[in-house]
Each structure stands twice: as C-alpha cells, then as structure tokens.
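K.L.:
Here it is, the structure in full.
In the UniProt record's numbering, the protein residues as written are 1 to 83.
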C-alpha cells in the first residue's frame, strides 16, 4: 500500500514494495457520536513488525477510495519501526 500525499488517501503500491513511509501523523482525541465514514480504513498501528498484542499501539482512521475490506484482506498496518 502507498500513501497518496496529494489526496491524503491509501492507494495501491508499486509491485514488490513492502514498506512505504507515511508523512508525520498528528494524533488528537475527538469526542464524536456521529456515523462513521464507510470509506475509512481502521488501520492498526504497531511498534515493530511483529504484530502481537505487546507491540500494538492504537488504530488510525485512513481515507481510501476502495472499501476498507480491501486493505484488511491485504493485512495493511502501520509500523513505527521496520527493524
């Protein structure tokens, strides 16, 4: 997966590219009870490539043009460190 900087959305990556840098993400809390956007992928964030509960940090909502299930089936996640 790649990040489209111009449109701020997830897109398909070029073949054989496993890791792509995401721009700096500023996280802040929002109290909302409104309906969720169906074009948001709930992306898990991990400290390391080992995707265990010990490395799990949080989720980030990322915009996408395809249904979020597309990225779930591909196992897309954000990693803070790839080593």
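Built from N, CA and C at the ideal position, the CB exists for glycine as well.
Fair warning: this is a prediction, and the values are worked out from it, not measured in the lab.
Tell me the DSSP bridge mates of residue 43?
P.N.:
Here residue 43 refers to the residue found at position 43 of the chain shown. The partner list for residue 43 (beta bridge, DSSP) reads 60.
K.L.:
Can you grab the Cα-Cα spacing for the pair residue 6 / residue 54, in whole Å?
P.N.:
Within the chain shown, residue 6 is the residue found at index 6, counting from 1. Within the chain shown, residue 54 is the residue found at index 54, counting from 1. Distance between the alpha carbons of residue 6 and residue 54: 34 Å.
K.L.:
DSSP three-state label for residue 4, please.
P.N.:
Looking up residue 4 in the chain shown gives position 4. In this structure, residue 4 counts as strand in the three-state DSSP scheme.
K.L.:
For the alpha helix (DSSP H) containing residue 73, name the first residue and the last one.
P.N.:
Translated into the one-based positions of the chain shown, residue 73 becomes position 73. Note, residue 73: alpha helix (DSSP H), 68 to 74.
K.L.:
Look up residue 27 in the DSSP assignment and say whether it is helix, strand or coil.
P.N.:
In the chain shown, counting from the first residue as 1, residue 27 sits at position 27. Residue state, collapsed to three classes: coil.
K.L.:
Using the beta-carbon count (16 or more within 10 Å), is residue 80 buried or exposed?
P.N.:
Your numbering for residue 80 matches position 80 in the chain shown. So residue 80 counts as exposed.
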